[in-house]
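Enquirer: Per UniProt numbering, residue 1 is the first one in the sequence shown, and the count goes up by one each step.
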Amino acid sequence: MVQLARRLRQDFDRIQMEHEFAIDEMLTKVSILRREFQHLHRYNPIEHVTSRVKSPSSTLKKAARLGIDPTPEAIRERIRDIAGVRITCSFIADTYRVLEALTSQTDVRVINVKDYIAEPKPNGYKSLHALIEIPVFLSTGAVNVAVELQVRTIAMDFWASLEHKIHYKYDGDVPAGLVTSLTAAARAAQILDEHMEQLHREVRGLDTDTVDDEMRVDEQTLLQLWKMARANADDTAPDA
1 MVQLARRLRQ DFDRIQMEHE FAIDEMLTKV SILRREFQHL HRYNPIEHVT SRVKSPSSTL
61 KKAARLGIDP TPEAIRERIR DIAGVRITCS FIADTYRVLE ALTSQTDVRV INVKDYIAEP
121 KPNGYKSLHA LIEIPVFLST GAVNVAVELQ VRTIAMDFWA SLEHKIHYKY DGDVPAGLVT
181 SLTAAARAAQ ILDEHMEQLH REVRGLDTDT VDDEMRVDEQ TLLQLWKMAR ANADDTAPDA
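1. Does K169 come out as helix, strand or coil in the three-state DSSP assignment?
2. What's the C-alpha gap between residue 246 and T95?
3. Quick one, are the C-beta atoms of I111 and E77 less than 8 Å apart?
4. State yes or no: is the beta carbon of K61 nearer than 8 Å to at least one beta carbon in chain D?
5. Helix, strand or coil for D11? Go by DSSP, reduced to three states.
6. Can you tell me whether Q105 is helix, strand or coil according to DSSP?
7. Are the segment 41-54 and the segment 81-99 touching, with three or more C-beta to C-beta distances below 8 Å?
8. Give the range of the alpha helix (DSSP H) segment to which R76 is assigned.
9. Would you mind sorting D193 into buried or exposed? The rule is 16 or more other CB atoms within 10 Å of its CB.
10. Starting from the Cα of A184, find the closest Cα among A63, L40, N123, L27 and give me that residue.
11. Out of D171, M26, Q3, Y116, state which residue places its alpha-carbon closest to the alpha-carbon of A146.
12. Would DSSP call S51 helix, strand or coil?
13. DSSP three-state call for T140: helix, strand or coil?
14. Name the two residues that bound the continuous alpha helix (DSSP H) containing residue 259.
15. Using 8 Å as the threshold, is the C-beta distance between I154 and A83 below it?
16. How big is the Cα-Cα spacing for S55 and Q16?
17. Would you kindly work out how many angstroms separate the C-alpha atoms of E18 and E202, rounded to a whole number?
18. Which whole-angstrom value describes the C-beta separation of S127 and Q105, a residue pair presumed to lie in contact below a C-beta threshold of 8 Å?
19. Quick one, are the C-beta atoms of V108 and I46 less than 8 Å apart?
20. Taking Cβ positions, are E36 and D81 nearer each other than 8 Å?
21. Pairs of beta-carbons, one from the segment 174-190 and one from the segment 157-165, closer than 8 Å: are there three or more?
22. Under the three-state reduction of DSSP, which class applies to E214: helix, strand or coil?
23. Can you give me the Cβ contacts of L131 inside the same chain, cut-off strictly under 7 Å, excluding the 5 residues immediately before and after it?
24. Report the option in R42, Q190, Y170 whose CA atom is closest to the CA atom of Y125.
25. Along the chain, where does the beta strand (DSSP E) containing G84 start, and where does it finish?
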């Protein structure tokens with residue numbers, strides 16, 4: 001029994017480690033994406049990123065609740081949300097852009113995508129959900145690890161956080177009046193998202209001239225440097 005308990009603990013410690021490494025891989029991908037957007041587009045669509053890995057006890061409780069055998073093989077196969085990454089964007093268009101950029105990478109395998117922005121849940125919940133697999137390279141070889149990816153706007157995230165707190169406080173039995181208020185708040189959040197995105201488009205449109213001016217300055221500088229280099233080359237060239 002002691003040997004069995006020790007082996008199970010080692011197995012679950014390994015599952016925990018694999019999912020922590022998968023989170024590290026995803027956060028690296030997100031960090032590179034943010035820096036690329038900032039460098040090339042002078043705009044960062046990602047406001048903030050959070051992540052979590054379920055504890056072994058939480059994973060085992062979920063396995064018991066779902067009737068899953070508490071073995072490493074069954075856990076890996078059937079519990080796919082041990083690792084989770086949540087990305088919060090400024091605008092609705094950014095959520096789709098970021099999700100596409102991450103899921104189109106060659107080492108990412110998309111298992112399924114649920115678009116709760118286009119089709120919100122009945123309570124008003126909105127977000128993009130993607131279940132993906134990414135390889136984690138260990139000393140024993142590559143292991144494909146599932147990660148649940150959520151991408152949403154600031155307004156969606158604020159609403160979801162409030163809904164979660166209310167749901168937790170009432171242990172799932174939320175009074176009808178609060179349900180109605182939450183639904184109305186979800187509609188208000190949608191209006192805010194749409195209005196802010198429209199303002200963002202207008203501002204980005206105004207910024208286009210500024211960017212063009214900066215690019216023209218860069219071209220003028222390069223042209224001047226080229227002329228200086230050419231003149232210097234003519235001065236130092238040997239006489240024919």
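Backbone N, C-alpha and C define an ideal beta-carbon position, used for all residues, glycine too.
Expert: So, from the data block:
1. Stepping through the sequence shown from its first residue, residue 169 is reached at position 169. In the structure shown, K169 sits in a helix (DSSP, three-state: H, G or I).
2. With the chain covering only 1 through 240, there is no way to say anything about residue 246.
3. In the sequence shown, counting from the first residue as 1, residue 111 sits at position 111. In the sequence shown, counting from the first residue as 1, residue 77 sits at position 77. Not in contact: I111 and E77 (Cβ atoms no closer than 8 Å).
4. In the displayed structure, chain D is absent; only one protein chain is listed.
5. Taking the sequence shown and counting its residues from 1, the one referred to as residue 11 is at position 11. D11: helix per DSSP, three-state reduction.
6. The residue you call residue 105 lines up with position 105 of the sequence shown. Coil at Q105, not helix or strand.
7. yes
8. What you label residue 76 is simply residue 76 of the sequence shown in a count that begins at 1. For R76, the uninterrupted alpha helix (DSSP H) run begins and ends at 72-78, by DSSP.
9. Taking the sequence shown and counting its residues from 1, one reaches residue 193 at position 193. Residue environment analysis places D193 among the buried positions, since at least 16 neighbouring C-beta atoms fall within 10 angstroms of its C-beta.
10. Counting from one through the sequence shown, the residue named residue 184 turns up at place 184. For A184, the nearest C-alpha among the options comes from N123.
11. Looking up residue 146 in the sequence shown gives position 146. For the residues D171, M26, Q3, Y116, the minimum Cα distance to A146 belongs to M26.
12. Locating residue 51 in the sequence shown gives position 51, counting from the first residue. In this structure, S51 counts as strand in the three-state DSSP scheme.
13. Reading the sequence shown from its first residue, position 140 is the one you call residue 140. T140 falls in the coil class under three-state DSSP.
14. With the chain covering 1 to 240 only, the question about residue 259 has no answer from this structure.
15. Along the sequence shown, read from residue 1 onward, the residue named residue 154 stands at position 154. Along the sequence shown, read from residue 1 onward, the residue named residue 83 stands at position 83. The answer is no: Cβ separation not under 8 Å.
16. For the purposes of this step, residue 55 is taken as residue 55 along the sequence shown, with counting starting at 1. For the purposes of this step, residue 16 is taken as residue 16 along the sequence shown, with counting starting at 1. Between S55 and Q16, the C-alpha separation is close to 7 Å.
17. Sequence index remark: in the sequence shown, residue 18 carries index 18 (1-based). Sequence index remark: in the sequence shown, residue 202 carries index 202 (1-based). The alpha-carbon atoms of E18 and E202 are separated by roughly 44 Å.
18. Start at 1 with the first residue of the sequence shown, and residue 127 comes out as number 127. Start at 1 with the first residue of the sequence shown, and residue 105 comes out as number 105. Not a contact, Cβ separation roughly 21 Å.
19. Locating residue 108 in the sequence shown gives position 108, counting from the first residue. Locating residue 46 in the sequence shown gives position 46, counting from the first residue. Not in contact: V108 and I46 (Cβ atoms no closer than 8 Å).
20. The residue given as residue 36 occupies position 36 in the sequence shown. The residue given as residue 81 occupies position 81 in the sequence shown. The answer is no: Cβ separation not under 8 Å.
21. yes
22. In the sequence shown, residue 214 corresponds to position 214, counting from 1. Its pLDDT being 45, under 50, E214 is placed unreliably by the model, and nothing is read from it.
23. Counted from its first residue, the sequence shown places residue 131 at position 131. If we look at L131 and ignore the five residues flanking it on each side, its Cβ neighbours are R80, I111, N112, A146, E148.
24. Position 125 of the sequence shown, counted from the start, is the residue given in the question as residue 125. Y125 has its Cα closest to that of Q190, out of R42, Q190, Y170.
25. Position 84 of the sequence shown holds residue 84. Start and end: 83-89.
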